[in-house]
Amino acid sequence: MQTRINWILLLCAAVGLAFTGYQEVNSKPRVRAVDQASCTTDAIKRIDSITERAIQSAKCAERGK
């Protein structure tokens, strides 16, 4: 019985990861403004997409040079 539950949990986790990965691969990052307000830590944390968050963080870091 425990093995069956483990397999079900493993399957649920795999489906969740596949769904999230599919969304990230097929989404196009939105172009965001790079200014004082959008480069704060809180503004970057509010971005839902992992890819968009990384791009915004990198652009803000370049701006600071």
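Under this note's numbering, the residue at position 11 of the sequence shown is numbered 14, and the numbers go up by one with no gaps.
The beta-carbon is built from N, C-alpha and C at its ideal position, and this holds for glycine as well.
Can the beta-carbon of residue i be found less than 7 Å from the beta-carbon of residue j?
| i | j | result |
| --- | --- | --- |
| Ile47 | Ser60 | yes |
| Arg66 | Val34 | no |
Would you mind reading off the limits of the alpha helix (DSSP H) that contains residue i?
| i | result |
| --- | --- |
| Thr54 | 53-66 |
| Val34 | Element bounds for Val34: n/a, residue is neither H nor E. |
| Ala21 | 5-29 |
| Thr43 | Where Thr43 is concerned, there is no enclosing alpha helix (DSSP H), given that its DSSP letter is neither H nor E. |
If I measure Cβ to Cβ from residue i and keep anything under 8 Å in the same chain, skipping five residues before and after, which residues do I get?
| i | result |
| --- | --- |
| Tyr25 | none |
| Glu55 | Pro32, Arg33, Arg35 |
In its own chain, which residues sit with a C-beta less than 6 Å from the C-beta of residue i, not counting the 5 before and 5 after it?
| i | result |
| --- | --- |
| Cys42 | Cys63 |
With distance defined between alpha-carbon atoms, name the residue in the options nearest to residue i.
| i | options | result |
| --- | --- | --- |
| Ser52 | Gln39, Thr23, Thr44 | Thr23 |
For the ligand GDP, I want to know if residue i counts as a neighbour, meaning its beta carbon is within less than 6 Å of at least one of the ligand's heavy atoms.
| i | result |
| --- | --- |
| Ala40 | With respect to the ligand GDP, the structure shown offers nothing to examine, as it has no ligands at all. |
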